[in-house]
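Notes follow once the structure below has been shown.
In my numbering, the protein residues as written are 405 to 484.
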């Protein structure tokens, strides 16, 4: 098993800050599950301006990231 670092970069919608609250808890729960496994190293929105977010993964297979993206309510609700 060979682990690699991956960076997932989101380009945030103009109204991201106003709309995220309804989906934030589910998004953070998904992220926390991966963090507890050691697969998500860090993540968060960049500020000033808040127009991008980065998540840093450390996994052996990028399917972990693809699975996260398929479940992430931020993506499902078009916050990016």
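Glycine included, each C-beta is placed from N, C-alpha and C at the ideal position.
- A distance below 6 angstroms between beta-carbons, with the five flanking residues on each side excluded, links residue 449 to the following residues of its chain, in chain order: 457.
- Shown here, residue 456 sits in a strand according to DSSP, grouped into three states.
- According to the DSSP assignment, residue 413 belongs to the beta strand (DSSP E) that extends over 408 to 415.
- Scanning its chain for C-beta atoms nearer than 6 angstroms, with the 5 sequence neighbours on each side dropped, one finds around residue 430 the residues 477, in chain order.
- Distances from the alpha-carbon of residue 412 to those of 443, 424, 406 and 481 put 443 closest.
- The residue from 459, 471 and 455 with its alpha-carbon nearest to that of residue 421 is 455.
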